[in-house]
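Q: Got a structure for you, written out below as C-alpha cells; questions coming shortly.
Residue numbers (my numbering): 1 to 166.
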C-alpha cells in the first residue's frame, strides 16, 4: 500500500523531511560556489523555516562557522530564546562533535541529516554524542535523508579540489 503522501511510498513526515533537505542542499550548493565545504542547514519550527545557513569557515576565517552553528545562532536570535526545543534542524552532513554539542545545548527536538560522515560524524559514525545516554537532552535523530545527493555534492567538491591541488 502506498504511503500517506500518495504513490511515492513516503509517509507525509518523510515527504516533509525530504522537502526541507532539498532546501538545505540548495544552500550547500551555494556554499560550494563560494569555495566553502558544501554543507547547508535549516531550522524549522511548525513547518516554517526560521533560520538557514551554509558553511562560512573560509569567508569568515572562523573554524566554528559551520552551517549548523550559524543556523542555531540565527534561530535563537529570531525566536529570542536559546531553547529550540520545538524546532528541527535539517543538515546535509552528519554533525561533527562541535555541532552535536551545540545541538544538545540548544535542546533541538529533532535532527535530520543527509550524508553520514565516517571521519567526523557524531550521530552514529565515529560516535553518537546526540544520543549519549548520560546527557540531559537527546534529540530525535534521522539520518540518510537524500543521502546520495548530499554525498555526491561533497564528493564532487572534494574531487575538484584535489584536481586543482595536483
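In this text, a Cβ means the ideal position worked out from N, Cα and C, and glycines have one as well.
According to DSSP, what are the bridge partners of residue 49?
A: Residue mapping note: residue 49 aligns to position 49 of the chain shown, counting from 1. BP columns for residue 49 point to 44.
Q: Check the DSSP bridge columns for residue 14 and list the partner residues they point to.
A: For the purposes of this step, residue 14 is taken as residue 14 along the chain shown, with counting starting at 1. The partner list for residue 14 (beta bridge, DSSP) is empty, contrary to what the question assumes.
Q: For residue 151, which residues from the same chain have a beta carbon less than 6 angstroms from its beta carbon, with the 5 sequence-adjacent residues on both sides left out?
A: One-based indexing of the chain shown puts residue 151 at position 151. So the list reads 115, once near-sequence residues are dropped.
Q: Here's the rule: buried if 16 or more other CB atoms are within 10 angstroms of the residue's CB, otherwise exposed. What is residue 66?
A: Within the chain shown, residue 66 is the residue found at index 66, counting from 1. Buried.
Q: How many angstroms separate the CA atom of residue 148 from the CA atom of residue 80?
A: On the chain shown, residue 148 is found 148 positions in, with the first residue counted as 1. On the chain shown, residue 80 is found 80 positions in, with the first residue counted as 1. So the alpha carbons of these two residues sit roughly 35 angstroms apart.
Q: Using 8 angstroms as the threshold, is the C-beta distance between residue 25 and residue 88 below it?
A: For the purposes of this step, residue 25 is identified with residue 25 of the chain shown, where counting begins at 1. For the purposes of this step, residue 88 is identified with residue 88 of the chain shown, where counting begins at 1. Against a cut-off of 8 angstroms, the Cβ pair of residue 88 and residue 25 comes out as no contact.
Q: Using the Cα positions of residue 139 and residue 38, report the straight-line distance between them to the nearest angstrom.
A: Counting from 1 along the chain shown, the entry for residue 139 is found at position 139. Counting from 1 along the chain shown, the entry for residue 38 is found at position 38. C-alpha separation (whole angstroms): 24 angstroms.
Q: Label residue 97 either buried or exposed according to how many other C-beta atoms from any shown protein chain fall within 10 Å of its C-beta, with 16 as the threshold for buried.
A: Against the chain shown, residue 97 aligns to sequence position 97. By the neighbour-count rule (16 or more Cβ atoms within 10 Å), residue 97 is not buried but exposed.
Q: Ignoring anything shorter than 3 residues, give me the beta strand (DSSP E) runs that lie fully in the segment 31-109, in order along the chain.
A: Taking only runs of at least 3 residues, the beta strand (DSSP E) segments lying wholly in the segment 31-109 are 40-45, 48-54 and 87-93.
Q: Under 8 angstroms, do residue 28 and residue 153 count as touching if we go by C-beta distance?
A: Position 28 of the chain shown, counted from the first residue, corresponds to residue 28. Position 153 of the chain shown, counted from the first residue, corresponds to residue 153. For residue 28 and residue 153, yes; Cβs fall inside 8 angstroms.
Q: With burial defined as no fewer than 16 other Cβ atoms inside 10 Å of the residue's Cβ, what is the status of residue 145: buried or exposed?
A: Sequence index remark: in the chain shown, residue 145 carries index 145 (1-based). It is buried - the Cβ of residue 145 has at least 16 other Cβ atoms within 10 Å.
Q: If residue 84 and residue 77 are in contact, beta carbons under 8 angstroms, what's the gap, nearest whole angstrom?
A: Position 84 of the chain shown, counting from 1, holds the residue named residue 84. Position 77 of the chain shown, counting from 1, holds the residue named residue 77. Residue 84 to residue 77, Cβ: 11 angstroms. No contact.
Q: In terms of residue numbering, what span does the beta strand (DSSP E) encompassing residue 141 cover?
A: In the chain shown, residue 141 corresponds to position 141, counting from 1. Residues 140-142.
Q: Do you know offhand how far residue 142's Cα is from residue 36's?
A: Numbered from its first residue, the chain shown carries residue 142 at position 142. Numbered from its first residue, the chain shown carries residue 36 at position 36. Answer to the nearest angstrom: the Cα atoms are 25 angstroms apart.
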